[in-house]
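Inspection log for the structure reproduced underneath, given as C-alpha cells.
Protein chains in written order, with the numbering used here: chain S, 21 to 236; chain Z, 21 to 236.
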C-alpha cells in the first residue's frame with residue numbers, strides 16, 4: 021500500500037520504518053522536498069522509501085499518518101492540502117504538549133476541544149482517527165516491548181475508518197487490545213492522558229510503559 | 021483513630037463506612053449539623069459514627085477525607101476552617117467535573133492548575149494529599165472488586181503525609197500498588213485522567229474498572 025508519513029521526527033521515523041519493514045511504499049513528508057532528516061531516513065530504508073513535501077506525500081498516500089509535532093500540525097496539514105486529504109484515512113498521532121514554560125508541560129488545547137477535533141473540523145472530508153498518541157513511539161509499532169496486557173485507543177467519526185485503523189494496529193503493529201472510545205470528541209480524553217503519561221515517565225524512569233484497563 | 025469524612029454523597033458513604041468497619045471513630049461533616057443523609061449514615065453505622073458541620077467534623081478528625089463534590093469543595097473547606105485543618109492530613113478525593121453542559125463532562129479547572137493545588141494554596145498549613153479520585157468509590161475501599169493488578173496514585177508536598185496515606189491505602193483499604201506522582205502539582209494529572217475514565221465507563225458499561233501501569 022502507498023502510505024504517507026508526515027513528519028521527520030522520532031514518531032515519523034518509527035512509523036515509517038515499521039511500514040517499510042511491512043513492505044509498504046512510504047513517502048515521508050516535510051515542509052521542503054529535500055529535508056535532510058527525511059533524506060537520511062530514505063537512505064536507510066531502501067527502494068520503497070521516498071520523500072517529498074507534505075503535499076507530495078499526502079497526494080501519494082492512500083492512508084496518511086500525521087506524525088508532526090502538535091504545534092506544527094495545522095500548518096503541516098494546510099500544506100498537505102484538503103484536496104489531497106479528501107476521502108482518506110488520516111491517522112492522527114499528534115499531541116498538544118507545550119514545553120515553552122518548562123517542565124512539566126501543559127496542553128495548548130484540551131478539555132473542551134482537542135487536536136483531533138480541530139483537524140477533523142479543518143478537513144471535514146478526511147476521515148480522522150486519533151490513535152497511538154498515548155505511548156512512546158517505539159511501543160507504537162512494537163507493543164511487545166512492554167510485557168503483559170496493555171491497550172491502545174481509537175477515536176473517530178467514521179466507523180469504517182476506525183475498523184481499518186484497528187486492523188492496522190492489530191495485524192500490522194501487533195496490538196492485542198484496541199479500545200474504541202467513540203467519536204472524534206473522545207480524542208480530548210487521550211490527549212489529556214498524556215499529561216499523566218509525562219509524570220509517569222519521570223516515576224518509571226523510562227518511556228517503555230503503558231496502561232492496561234482491567235475490569236470486573 | 022478519629023477521622024473526619026466531609027461530604028454525604030456516595031464517596032463519603034463508602035469511605036466512612038469502610039473506616040467504621042476498621043473500628044475508627046468517624047464524624048461525617050456537612051453544611052448543617054442535622055443533615056438527613058448524614059443522619060441515615062450514622063443510624064446504619066453504630067456508636068462510632070457521628071455527624072456534624074464541616075467545622076465540627078474537621079475539628080474532631082485527626083485525618084480529614086475530603087469527599088465533597090469538587091464544585092462544592094472550596095465552600096466546604098472554608099466552613100471546615102483553616103484553624104481546624106492546620107497541621108492535619110487532608111486527603112482530597114474531589115474531582116473538577118462539570119456536567120452543566122451535559123455529557124460528556126468537562127473540567128472546571130485543569131491543565132495549569134487543579135483542585136488539589138487550589139486546596140493546598142488556600143490552606144497552606146494543611147497537608148494535602150490527592151488520591152483515590154481516579155476510581156469509582158466502591159473500588160476505593162475494596163480494590164479487589166477489580167481482578168488483577170491495578171494502581172492508585174498519591175500527590176502531595178509533604179513526604180510524611182504521603183507515606184501515611186500510602187499506609188492507609190495499602191493496610192486499611194487493600195491497595196497493592198500506590199504510585200507517588202510527586203508534589204501537589206501532579207494532582208492535575210490524575211484529575212485530567214478522569215475525563216478518560218468517564219468515556220471508558222461508557223465503553224466498559226460499568227464503573228468497576230481501573231488502570232494498571234505495565235512497564236518494561
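Built from N, CA and C at the ideal position, the CB exists for glycine as well.
Next item on the list: Going by DSSP, name the residue or residues bridged to residue 150 of chain Z.
Entry: Per DSSP, Z:112, Z:175.
Check: With 16 other CB atoms within 10 Å as the buried threshold, where does residue 73 of chain Z fall?
Finding: A residue is called buried when at least 16 other Cβ atoms come within 10 angstroms of its Cβ; residue 73 of chain Z meets this threshold and is buried.
Next item on the list: Step through the CB atoms of chain S and report whether any lies within less than 8 Å of the CB of residue 230 of chain Z.
Entry: At a cut-off of 8 Å between beta-carbon atoms, residue 230 of chain Z makes contact with chain S.
Next item on the list: Provide the residue(s) that pair with residue 162 of chain Z in DSSP beta bridges, ordered along the chain.
Entry: By DSSP's assignment, residue 162 of chain Z forms no beta bridge with any residue.
Check: Which chain S residues are close to residue 127 of chain Z, counting only those with a beta carbon under 7 Å from its beta carbon?
Finding: Proximity of chain S to residue 127 of chain Z at the Cβ level (cut-off 7 Å) is accounted for by 131, in chain order.
Notebook entry, point to check: Would you say the segment 143-162 of chain S touches the segment 101-117 of chain S, given that touching needs at least three Cβ pairs under 8 Å?
Noted result: By the Cβ test, the segment 143-162 of chain S is in contact with the segment 101-117 of chain S, since at least three Cβ pairs between them sit closer than 8 Å.
Check: In three-state terms, what does DSSP make of residue 65 of chain S?
Finding: Residue state, collapsed to three classes: helix.
Item checked: Beta-carbon contacts of residue 139 of chain Z that lie in its chain and below 6 Å, excluding the five residues immediately before and after -> Result list for residue 139 of chain Z: 112, 148, in chain order.
Check: When the cut-off is 8 Å and only beta carbons count, does residue 134 of chain S lie next to chain Z?
Finding: At a cut-off of 8 Å between C-beta atoms, residue 134 of chain S does not count as an interface residue with respect to chain Z.
Notebook entry, point to check: How would you label residue 226 of chain Z, buried or exposed, when you count the other beta carbons within 10 angstroms and need 16 or more for buried?
Noted result: The residue is exposed, with fewer than 16 neighbouring Cβ atoms inside 10 Å.
Next item on the list: Can you give me, in chain order, the residues of the segment 191-202 of chain S that have a beta carbon less than 9 Å from any beta carbon in chain Z?
Entry: Going along the segment 191-202 of chain S in chain order, one finds 199, 200, 201, 202 with a Cβ nearer than 9 Å to chain Z.
Margin query: For residue 151 of chain Z, would you say it is in contact with chain B, using Cβ-to-Cβ distances shorter than 8 Å as the test?
Written below: Of the protein chains in this structure, namely S and Z, none is chain B.
Notebook entry, point to check: Hey, is the segment 206-214 of chain S in contact with the segment 153-160 of chain S, meaning 3+ C-beta pairs nearer than 8 Å?
Noted result: Yes: the two stretches touch, three or more of their Cβ pairs being nearer than 8 Å.
Notebook entry, point to check: Can the beta-carbon of residue 26 of chain Z be found less than 8 Å from the beta-carbon of residue 83 of chain Z?
Noted result: Not closer than 8 Å, so no.
Next item on the list: Output the boundary residues of the beta strand (DSSP E) element that contains residue 203 of chain S.
Entry: Where residue 203 of chain S is concerned, there is no enclosing beta strand (DSSP E), given that its DSSP letter is neither H nor E.
Note to self: Do residue 229 of chain S and residue 235 of chain Z have their beta-carbon atoms positioned less than 8 Å apart in this structure?
What the structure shows: Yes, these two residues count as a Cβ contact at 8 Å.
Checklist line | Per-residue contacts from residue 213 of chain Z into chain S (C-beta, under 8 Å) | finding: Below the 8 Å Cβ cutoff, chain S contributes 212, 213, 216 as neighbours of residue 213 of chain Z, in chain order.
Item checked: Test: residue 233 of chain Z CB closer than 8 Å to a CB of chain S -> Yes, its Cβ sits closer than 8 Å to a Cβ of chain S.
Next item on the list: Consult DSSP for residue 39 of chain S and reduce its assignment to one of helix, strand or coil.
Entry: Note: residue 39 of chain S maps to helix in three-state DSSP.
Next item on the list: Tell me whether residue 196 of chain Z sits in a helix, a strand or coil according to DSSP, three-state version.
Entry: DSSP places residue 196 of chain Z in coil when its eight states are reduced to three.
Note to self: Below 7 Å on C-beta distance, what does residue 206 of chain Z contact in chain S?
What the structure shows: For residue 206 of chain Z, the neighbours in chain S by C-beta distance under 7 Å run, in chain order, 219.
Checklist line | Reference residue 174 of chain S, options S:210, S:191, S:168, closest by Cα | finding: The shortest C-alpha separation from residue 174 of chain S is found at S:210.
Next item on the list: Would you list, in chain order, the members of the segment 149-175 of chain S that have their beta-carbon closer than 8 Å to a beta-carbon of chain Z?
Entry: Residues of the segment 149-175 of chain S with a C-beta less than 8 Å from any C-beta of chain Z: 165, 166, 167, 168, 169, 170, listed in chain order.
Next item on the list: Answer with yes or no whether the minimum CB distance from residue 186 of chain Z to chain S is below 8 Å.
Entry: Not an interface residue.
Next item on the list: Count the other CB atoms, across all protein chains shown, that sit within 10 Å of the CB of residue 163 of chain S; report buried if there are 16 or more and exposed otherwise.
Entry: It counts as buried.
Margin query: Suppose only complete runs of 4+ residues qualify. What are the alpha helix (DSSP H) ranges in the segment 75-113 of chain S, listed by chain order?
Written below: Contiguous alpha helix (DSSP H) elements confined to the segment 75-113 of chain S occur at 93-100, 102-105, taking only those with 4 or more residues.
Notebook entry, point to check: Can you find a C-beta in chain Z that's less than 8 Å from the C-beta of residue 224 of chain S?
Noted result: Answer yes: the Cβ-Cβ gap between residue 224 of chain S and chain Z drops below 8 Å somewhere.
Note to self: Cβ closer than 8 Å: which chain Z residues qualify as neighbours of residue 236 of chain S?
What the structure shows: By Cβ distance, chain Z contributes 165, 166, 167, 226, 228, 229.
Next item on the list: Starting from residue 209 of chain S, find everything on chain Z with Cβ-Cβ shorter than 7 Å and list it in chain order.
Entry: Going along chain Z in sequence order, the residues near residue 209 of chain S (Cβ under 7 Å) are 215, 216, 219.
Next item on the list: Below 7 Å CB to CB, which residues in the same chain sit around residue 185 of chain Z once its five sequence neighbours on both sides are set aside?
Entry: For residue 185 of chain Z, where only same-chain residues beyond five positions count, the Cβ hits under 7 Å are 109, 111, 149, 151, 174.
Item checked: Per DSSP, cross-strand counterpart(s) of residue 180 of chain Z -> The partner list for residue 180 of chain Z (beta bridge, DSSP) is empty, contrary to what the question assumes.
Check: Taking three-plus beta-carbon pairs below 8 Å as touching, is the segment 166-180 of chain S in contact with the segment 84-95 of chain Z?
Finding: No: the two stretches stay apart, fewer than three of their Cβ pairs being nearer than 8 Å.
Note to self: Let me confirm a value: residue 143 of chain S is counted as buried when at least 16 other C-beta atoms fall within 10 Å, else exposed. Which label applies?
What the structure shows: By the neighbour-count definition (other C-beta atoms within 10 Å, threshold 16), residue 143 of chain S is a buried residue.
Margin query: Please report the straight-line C-alpha distance between residue 77 of chain S and residue 67 of chain S, rounded to a whole angstrom.
Written below: Straight across, the Cα-Cα distance linking residue 77 of chain S with residue 67 of chain S is about 16 Å.
Margin query: Let me check understanding here. Comparing Cα to Cα, which of S:194, S:45, S:51 lies closest to residue 62 of chain S?
Written below: Minimum Cα distance to residue 62 of chain S is reached at S:45.
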